[in-house]
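Residue numbers for the sequence shown follow the numbering used here, so the first one is 1423 and each next one is one higher. Using N, Cα and C, we set each Cβ at its ideal position, and we do this for glycine too. These numbers were taken from a predicted model, which means no experiment stands behind them. Have a look at the structure below, then the notes.
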Amino acid sequence: MNVNRRTFVRGSAGMIGGLTLGGVAAGQDDETIRIGSDIPYNPFEYRTEDGTLVGFDVDVAEAVFAEQMDREYEFVQTGFDTIIPSLNNGNFRIIMSAMTINEQRAEQVDFSDPYFIAFQTVAVLESGDVQSLEDLRGRTVAVQKGTTGEAAAQDLQEQFDGELTIDSYDQITGAFNALRNAQAVAVINDNAVNLQYVDERDSVVMLEGEGQAAEEFDDAPPYLTLTVERYGIAFRQDDDEFREQVNEALAAVIESGRYAEIYREYFPGDPPAGIVGDAGTTTADGETTEEAPTETTADGG
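The structure is reproduced here in structure tokens:
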């Protein structure tokens, strides 16, 4: 790996993040690949105390673009609720931001092959009185704007005949703050992000129960899952050749075992067979390992 390239990438991410979107040119033939992303969204993209951009998406981007395609890249910070219009306006070339593939978005952008499996989940205060999904009826939940967590909350609101208040925040940190400050009784959000938050705070837990994952996978997680989702890299609909190149590079990262190495840095256990394949993956040292069933600790914006 080119050390200078990594330094360039993370240094540029810090500078670009402070620019307005209107000041970012993104022609398709630029040498540097600009990546739109909502930051922070731990553990997918976030900054350390010294400002370094890290996370699962960041490391996958390094493996795909730098290691496989020998291209320079930089992350462009942007709000998730406007990220697709910003892509189509040419502010960056792709979106890599824990983005769930769904039909509504597919009408506006094209997606890569899936690179992550995620679930919408519910985080609650351990000291609170929410013990089941029905306990949310007539209460307030917090979500991030423009995400599938917000969509899951809207579906739940319909299920409750309107007896649910949804407070939407620009960033997921606002939703978690609302939970801790008793402005909401739950946060509906991607499981990896919820799990990361729960792991760091004894006062917040995952709402338990079976859900959508149990219907799709033999080995579903112990917490309630409202949806099963798959993440993809988003492209403008006129960028087919580049999308195919990225798919080839992504497949090479997965087949080489590099993806599994990155996955284990951020999540417990092995990556799901639904991403890496049922036959197992080959690690960097050539050893083949069997992959676990399709359970994952993923998230899905």
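Secondary structure of F1598 (DSSP, three-state): helix. In this structure, V1544 lies near I1610, with their beta-carbon atoms less than 8 Å apart.
In the three-state DSSP reduction, Q1526 falls in the helix class (H, G or I). Between the beta-carbon of P1536 and that of I1684 there is about 15 Å, and that puts the pair past the 8 Å contact cut. Collapsing the DSSP output to three states places F1514 in coil. Assignment of beta-bridge partners to F1657 by DSSP yields I1516, D1532. Judged by DSSP in its simplified three-state form, V1482 adopts helix. Counting of Cβ neighbours within 10 angstroms places D1660 among the exposed residues, the total staying below 16.
Checking the DSSP bridge columns, you'll see V1627 partnered with V1546. At a Cβ-Cβ threshold of 8 Å, V1607 and I1588 do not count as neighbours. Checking the DSSP bridge columns, you'll see L1555 has no partner listed. Judged by their CB atoms, E1651 and A1540 are nearer to each other than the 8 Å cut-off. Annotation: A1604 is outside any beta strand (DSSP E) and is labelled neither H nor E by DSSP. Counting only residues of its own chain and dropping the five nearest sequence neighbours on each side, S1519 has a CB closer than 6 Å to the CB of S1459, D1460.
Across the set P1693, Q1490, Y1645, the C-alpha of Y1645 shows the shortest separation from the C-alpha of S1554.
Within the same chain, Cβ atoms closer than 6 Å to the Cβ of E1585 are found at R1559, G1560, the five residues on either side in sequence being excluded. In the displayed model, E1467 falls within a strand according to three-state DSSP. Taking C-beta atoms as the reference points, V1546 and L1648 fail to come closer than 8 Å. When rounded, the separation of the alpha-carbon atoms in F1582 and A1597 is 21 Å. The C-alpha of N1599 lies about 40 Å from the C-alpha of E1677.
Counting every other CB atom within 10 Å of its CB across the protein chains shown gives G1633 a total of 16 or more, marking it as buried.
Spatial neighbours of T1500 in its own chain (CB-CB distance under 8 Å, excluding positions within 5 residues in sequence) are listed in chain order as L1443, G1458, S1459, D1460, S1508, N1513, F1514.
Beyond the five residues adjoining it in sequence on each side, A1575 comes within less than 8 Å, by CB distance, of V1563, V1565, L1586, I1588, I1610 in the same chain, given in chain order.
Per the DSSP secondary-structure output, V1609 pairs in a beta bridge with A1545, A1564. In the three-state reduction of the DSSP assignment, A1642 falls in the coil class, being assigned neither a helical nor a strand state.
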